[in-house]
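Sequential numbering of the sequence shown, starting at 109, is according to the numbering used here.
Ideal Cβ positions, reconstructed from N, Cα and C, are used throughout, including at glycine.
Quantities reported herein were computed from a predicted structural model and do not represent experimental measurements.
Report on the following structure.
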Amino acid sequence: MIIDNGAYPSPLGYCGYPKSVCTSVNECICHGIPDSRPLEDGDIINIDVTVYLNGYHGDTSATFLCGDVDDEAKKLVKVIPMVSRDHFYLLSNQYLQIENTDCEECESKFKRSN
109 MIIDNGAYPS PLGYCGYPKS VCTSVNECIC HGIPDSRPLE DGDIINIDVT VYLNGYHGDT
169 SATFLCGDVD DEAKKLVKVI PMVSRDHFYL LSNQYLQIEN TDCEECESKF KRSN
């Protein structure tokens, strides 16, 4: 759909990123790599789509709750849009007490500067 409309998926090939979109599930804060793992009841997924068109990159993302999500996770999803991007990583790591996740490496490797 992106290419059919004259755009190009920005993430594809960026620093070796293998996919056209980012899908971040649960503790993976951002820039998760889509895979074939099925979503489960209680999961949270963020889908991030970035395209390049007419010399500009455009980016959008949305977070979805899958089934019965616990109250703390719902609260986090509710406050994320109110937090500036600069503070998001710090606050979410403190809130969730994430120390070592599978996405830390991809976060540092694929994080784009503002």
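Legend entry - Coarse secondary structure for residue 181, derived from DSSP in three states: Helix.
Inset, instruction - Return the CA-CA distance between residue 135 and residue 114, expressed in angstroms with no decimal places. - result: Rounded to the nearest angstrom, the gap between the Cα atoms of residue 135 and residue 114 is 34 angstroms.
Inset, instruction - Let me know the secondary structure DSSP gives residue 176 once reduced to three states. - result: Assigned with DSSP and collapsed to three states, residue 176 falls in coil, not helix or strand.
Inset, instruction - Would you list the residues sitting across from residue 155 in a DSSP beta bridge? - result: DSSP output for residue 155 lists 131, 170 as bridge partner(s).
Legend entry - residue 224 versus residue 140: straight-line alpha-carbon distance, rounded: In the structure displayed, the chain extends from 109 to 222; residue 224 sits before or after that span and is not available.
Inset, instruction - Grab me the residues of residue 156's own chain with a C-beta within less than 6 angstroms of its C-beta, minus the 5 sequence neighbours each way, in chain order. - result: Only 130, 169 meet the Cβ criterion.
Legend entry - Contacting residues, own chain, Cβ-Cβ under 8 angstroms from residue 118 (five flanking each side not counted): Cβ neighbours of residue 118 within its own chain (closer than 8 angstroms, five residues either side excluded): 158, 159, 160, 165, 167.
Legend entry - Best match in 146, 145, 109 for proximity to residue 128 [C-alpha to C-alpha]: Among 146, 145, 109, the Cα nearest to that of residue 128 belongs to 109.
Inset, instruction - Using only alpha-carbon positions, find the residue among 153, 122, 176 that is nearest to residue 137. - result: The residue with the shortest Cα to Cα distance from residue 137 is 153.
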